[in-house]
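Novice: I'd like to ask some things about the structure below.
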Amino acid sequence: MVKDYYAVLSLSQSATQEQIRLRFLELARSRHPDLFRGEEKLRAENDFQDITEAFNVLSNPERRRRHDIEVTTPTPATATAMSPKQTARSFMQRGTRAYRERRYAEAVREFERACAVDTENATAWYNLALAASREPSLRSKALSSAARATELDRMNVTYHKLAGKLFVEAGMPLRAERYYRRALQWAREDEEILTALERLKRSK
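Residue numbers 737 to 940, in our numbering, belong to the letters of the sequence shown in order.
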């Protein structure tokens, strides 16, 4: 089984280089072998070796790219045993990598696959909306995907803010306002939401 270095550092696959560096420094301080004795020291030495190896791989763009492919490509033996959620997660990881590298059309395809195998996955629909919004020809897909994400997770402020933003850009202010007001229920002091609603008010 391929070792997942993101899991070793407790980071998501979309982590930035700065986040990787800061996480490594944090773990280096808290898990350094010199801080432990006896069996705990031996365990800490093994952990620290994994932590250092993870940092060396993920801080190198080319090694990180190869690692991303390894951890998101299921082997023939495990592919058939994967649940829909596991399969969707694999597609999501590929889509996240493509989005991070600004390969938006590819990201859209991967997120579409994730949505197809796990239709109730709000995060997958949100990511699909985000990626599709980068392609002008996919505006309708971005709108419908953002709307679906808010239906599946009605209390997620981030999803509603994206939907509001996309519907504003599509020239549909009434629907945009609806999403922003829903978001405001859970984030009453969010400056981005308040500013967007004020702009919509002035445009009427």
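Ideal placement from N, C-alpha and C gives every residue a C-beta, glycine not left out.
Using the three-state DSSP reduction, which class does LEU794 fall into: helix, strand or coil?
Specialist: helix
Novice: Grab the span of the alpha helix (DSSP H) containing ALA882 for me, first residue to last.
Specialist: 875-888
Novice: For ALA885, which residues of its own chain have a beta-carbon under 7 Å away from its beta-carbon, when the five flanking residues on both sides are left out?
Specialist: ALA858, TRP861, TYR862, ALA865, TYR895
Novice: Taking only the alpha-carbon atoms, compute the straight-line gap between VAL793 and SER819 and give it to the nearest angstrom.
Specialist: 29 Å
Novice: Is the separation between the beta-carbon of LEU874 and that of VAL904 shorter than 8 Å?
Specialist: no
Novice: Would VAL853 and ILE787 qualify as a contact pair, given that the criterion is a beta-carbon distance under 8 Å?
Specialist: no
Novice: If you drop the 5 nearest sequence neighbours on each side, which residues of the same chain put their C-beta closer than 7 Å to that of ALA878?
Specialist: Excluding five sequence positions before and after ALA878, the CB atoms of its chain that fall closer than 7 Å to its own CB belong to ALA865, ALA868, SER869, LEU902, given in chain order.
Novice: Looking only at its own chain, which residues have a Cβ that is under 6 Å from the Cβ of ASP783, when we skip the five neighbours before and after it?
Specialist: The residues are ARG767.
Novice: Could you pull out every residue in the same chain whose Cβ sits closer than 7 Å to the Cβ of GLN749, ignoring the five residues on either side in sequence?
Specialist: TYR742, ASP804, GLN829, THR832, ARG833
Novice: Considering Cα atoms alone, identify which of ALA850, GLY907, ASP889 is closest to ARG825.
Specialist: ALA850
Novice: Taking the straight line between their C-alpha atoms, what separation do you get for GLU846 and ALA790?
Specialist: 26 Å
Novice: Is SER939 buried or exposed, if buried means 16 or more other CB atoms sit within 10 Å of its CB?
Specialist: exposed
Novice: So, for ALA815: in the same chain, excluding its five sequence neighbours on each side, which residues have a beta-carbon less than 6 Å away from its beta-carbon?
Specialist: In this predicted model, ALA815 has a pLDDT of only 49, less than 50, meaning its place in the structure is not dependable; the value taken from the coordinates is given anyway. Nothing meets the Cβ criterion.
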